[in-house]
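Okay, so here's the structure we're looking at.
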Amino acid sequence: MGRMHSPTATHCPYCALQCGMNLRPAAAGPGVTVAERPDFPVNRGALCGKGRTAPALLSSRVRLTEPLIRAHATGQLEPATWEEALDAIAEGLTLTRRSHGPDAVGVFGGGGLTNEKAYALGKFARVALGTSQIDYNGRFCMSSAAAAHQRAFGLDRGLPFPLADVPRTGCVILVGSNLAETMPPALRYLTELKENGGTLIVVDPRRTKTAEQADLHLAPRPGTDLALALGLLHLVVAEGRTDEEFIAARTAGWPEARAAAMAHWPELVERITGVPVPKLREAVRMFCAPEAAMVLTARGPEQQSKGTDTVGAWINLCLATGRAGRPLSGYGCLTGQGNGQGGREHGQKADQLPGYRKLTDPAARAHVAGVWGVDPDSLPGPGRSAYELLDALGGEVKALLLMGSNPVVSAPRAAHVEERLRSLDFLAVADVVLSETAALADVVLPVTQWAEETGTTTNLEGRVLLRRQALTPPPGVRSDLSVLHGLASRLGVAKGFPEDPEEVFEELRRASAGGPADYSGIDYARIAEEDGVFWPCPEGGTGTPRLFLDRFATEDGRARFVPVAHRDADEVPDAEYPLLLTTGRVVAQYQSGAQTRRVEELNAAAPGAFVELHPRLAERIGAVEGGPLEVVSRRGRAVAPARITDAIRADTVFMPFHWPGEGRANSLTNPALDPVSRMPEFKVCAVRVRPA
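Sequential numbering of the sequence shown, starting at 14, is according to my numbering.
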């Protein structure tokens, strides 16, 4: 770890809040400590435990510091030089392309990569490899909300308004989000909402720490959020609470959406969801009473095989009541991963080019190909979505380059995905730590992390931010941009993959110009001066903190109602699997845990997996607090200690998904895909539970 000599203003490496923090030199020896940065408007100095302990990941004791190559003689990963490692990867990818064609090579990225890395990775796949087979783990995070945004508004930005607007609205419906544990510094916005006289409705099958703050908690059966939203819209219509003037002036498709909602009368919705009719009526009253209101969704309604329609139903509720495209009103998605927003805008998604352009649009292909200096016809078409790509490993896709993801823990049907990764002819992984996925690789590359490199991220508000390098990386560690530069040159592409992040960003600006996510008016100096710049920001623009106030991003400027109807989850309980499993996070761990499980303080707070269940269910199956429980689905088995609480429905069990091994929750989850977003159904599957 290099020595730091002066304080550096930067951002947390974890969630999409991208909290501002200052890094200061450690009192003794190399390294840094975290200090508050109260001037940054998103978190105003507040940090969670993960942010405060982030420097622990910079220690050479917990990270990779030299390349590793799997030795043929021993089958073990052994130290190698960078030249040997890059040569081995180039050879593995080249042999696969030569024998089986370019689409036999896959690329899998991550929602934690900076904009520069995500951009370069997408360009590398399509220009240096010529493959269509690229996607990223952000597909597992917010793709359903993105698809619903596109259908309704013509543009996807997680929040179309700044977080600062949340405390100033009249009512917030928070659907499937536990901010108190997933984004603790953001909870203050809900606290301030209530202090200002606003109301909070939380929709969650568990009485989480966030739900405990609510004025009204609705606890639907997992997988029934779509019916719940439709039932609320039915009541809005039946009680005469629609905003007919807004509907007529600024929307299209209302008659069809209204007819679909009217088929979901309150008593039917109560039977489907388990939410009593009086609570449905109270929710409608609270939402419609003030002049302004918002709906915010997260992974709960989105990680379903009908997630796009579910989010669409909540958007329909906003449109029908005039709670969109107006000050202090709207629908927003609480993006999860650190650069989940920017990561899906600039080309590492299977169907997109930089600037949120569609890969199938001839004009978009021509523009980006012009920036890249290649023939538009040379760019491959759309490839497989994330789970479909992982499922194809060892079959049609025989080699994989993976950056910044750990699908052995994070993917649905994880045991199957692990088997697919093992079946590859060649696997190369670039990561900060030896994750469970990296441990399977033929070549592992140690790369720099947040405090050792400069680059931009885009937070959940659409605010483009600058992470600044504070430390010199350890000897033997290189940046992901350096990796792509070295591989591209070995694959015969000598130019176009610079190692300097600002140079990459300047090209990203040109590639995004004129696209939906236009960054052309943003540069490093401006980001630093303005505490981030909201996209879209064309050349000469001021940035756009609030979208849709004048018109929506559709051709005619009108938002689109989309008629949707409730349908069951892919799996429903039966005699063999009588319970529902839902999954989520805990405050001290993050995503697959590859980083946070290496921090002593965080492990002490959350040392391992558990199974949360209701006392009535515990009594029925003979479970005791702390005793091992076996949870079995059609895909696998997990074992973890029981945590008995009346904060969960009696027909549902909950597991956090941060751990590998016997407690791996994603051994159980269902890869059934949403037909539009290709999001897997992480949030609901049928299981049976018994003492182990």
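C-beta: ideal position from N, C-alpha, C; glycine also.
Could you round the C-beta distance between residue i and residue j to whole angstroms and report it? I think they count as a contact, below 8 Å.
i: A443; j: L458; result: 4 Å
i: K222; j: A242; result: In fact, because the Cβ distance is near 24 Å, the residues do not count as touching under 8 Å.
i: V185; j: L206; result: 6 Å
i: T144; j: V120; result: 7 Å
i: R650; j: S680; result: 7 Å
i: R662; j: A84; result: With a Cβ gap of about 51 Å, R662 and A84 do not count as contacting.
i: L504; j: A141; result: 5 Å
i: V421; j: E449; result: 4 Å
i: R220; j: D664; result: Not quite, the Cβ-Cβ distance comes to about 15 Å (not below 8 Å), so this is no contact.
i: L330; j: L246; result: 5 Å
i: F2; j: P558; result: No answer is possible for residue 2: it lies beyond the span of the chain, which begins at 14 and ends at 705.
Compare the beta carbon distance of residue i and residue j with 9 Å and say whether it is the shorter of the two.
i: V575; j: G325; result: yes
i: L134; j: G151; result: no
i: D256; j: G167; result: no
i: L293; j: P303; result: no
i: P367; j: Y590; result: no
i: G338; j: R564; result: yes
i: E625; j: F670; result: no
i: R481; j: A22; result: yes
i: R706; j: T195; result: In the structure displayed, the chain extends from 14 to 705; residue 706 sits before or after that span and is not available.
i: P197; j: V600; result: yes
i: A159; j: R357; result: yes
i: R312; j: M155; result: yes
i: M692; j: Q462; result: no
i: E496; j: Q146; result: The question names Glu, but residue 496 is Val in the sequence shown. Against a cut-off of 9 Å, the Cβ pair of Q146 and V496 comes out as no contact.
i: D513; j: Q361; result: no
i: I102; j: L500; result: yes
i: K130; j: L592; result: no
Identify the continuous alpha helix (DSSP H) that holds residue i and give its terminal residues.
i: R275; result: According to the sequence provided, residue 275 is Met. The question's Arg does not apply to it. Looking at the DSSP string, the run of the alpha helix (DSSP H) that includes M275 is W267 to M275.
i: A45; result: Per the sequence shown, residue 45 should be read as Val rather than Ala. Segment V45 to A48 is the beta strand (DSSP E) holding V45; no alpha helix (DSSP H) there.
i: R378; result: P375 to W385
i: P684; result: Element bounds for P684: not the alpha helix (DSSP H) but the beta strand (DSSP E), N683 to L686.
i: M299; result: V290 to C301
i: A324; result: A small correction: the amino acid at residue 324 is Val; Ala does not occupy that position in the sequence shown. Counting along the chain, the alpha helix (DSSP H) containing V324 begins and ends at G320 to A333.
i: L402; result: A399 to D404
i: P279; result: P279 to T286
Determine the closest residue to residue i out of the options, with distance taken between C-alpha atoms.
i: E466; options: Q163, P487 and P303; result: P487
i: F153; options: E694, C698 and A507; result: E694
i: A607; options: R378, C61 and N419; result: N419
i: A177; options: L473, E431, A276 and D404; result: L473
i: Y603; options: C301, S19 and Y27; result: Y27
i: V637; options: T658, S646, V645 and P620; result: T658
i: T321; options: E225, D169 and A296; result: D169
i: R37; options: L500, R50, G676 and A29; result: R50
i: K319; options: P673, G125 and S157; result: S157
i: D388; options: A376, P395 and G534; result: A376
i: E208; options: A227, D217, V215 and V288; result: A227
i: A165; options: Q317, G266, E520 and A530; result: G266
i: T323; options: V697, G528, A161 and N35; result: A161
i: T485; options: L500, T471 and V460; result: V460
i: R426; options: P684, G125 and K63; result: P684
i: C25; options: R57, L406 and S533; result: R57
i: A272; options: V250, P289 and R263; result: V250
i: G44; options: C32, S73 and G62; result: S73
i: E515; options: A660, L479 and L437; result: L479
i: I540; options: A379, T470 and R580; result: T470
Kindly indicate the opening and closing residues of the beta strand (DSSP E) around residue i.
i: A22; result: T21 to H24
i: C61; result: No beta strand (DSSP E) holds C61; DSSP gives it neither H nor E.
i: A251; result: Per DSSP, A251 belongs to no beta strand (DSSP E); it is in the alpha helix (DSSP H), D238 to A251.
i: A160; result: Premise fails: A160 lies in the alpha helix (DSSP H), S156 to F166, not in any beta strand (DSSP E).
i: Y202; result: Per DSSP, Y202 belongs to no beta strand (DSSP E); it is in the alpha helix (DSSP H), L200 to E208.
i: T595; result: L592 to G597
i: L213; result: T212 to V216
i: A261; result: Counting along the chain, A261 falls outside any beta strand (DSSP E), though it belongs to the alpha helix (DSSP H) covering E257 to R263.
With 9 Å as the threshold, decide whether the Cβ of residue i is near any Cβ in chain B.
i: T323; result: Among the chains in the structure shown there is no chain B, since it carries only a single protein chain.
So does residue i have its beta carbon nearer than 8 Å to some heavy atom of the ligand SAH?
i: G114; result: For the ligand SAH, the structure offers nothing, since it holds no ligand at all.
Give, in chain order, every unbroken run of the alpha helix (DSSP H) that is at least 4 residues long and sits entirely within the stretch 622-677. For the stretch 622-677, whole alpha helix (DSSP H) runs of length 4 or above, ordered along the chain, are 628-634.
Identify every run of the alpha helix (DSSP H) within the stretch 434-467, keeping only runs that are complete inside it and at least 4 residues long; order them along the chain. The qualifying runs do not exist here; there are none.
Length-filtered (3 minimum) beta strand (DSSP E) runs lying within the stretch 94-154: List check, beta strand (DSSP E) in window: 118-122 and 147-149.
Whole runs of the alpha helix (DSSP H) within the stretch 504-585, excluding any shorter than 4 residues: Annotation: the stretch 504-585 contains the following complete segments of the alpha helix (DSSP H) (minimum length 4 residues), in chain order: 514-525 and 537-543.
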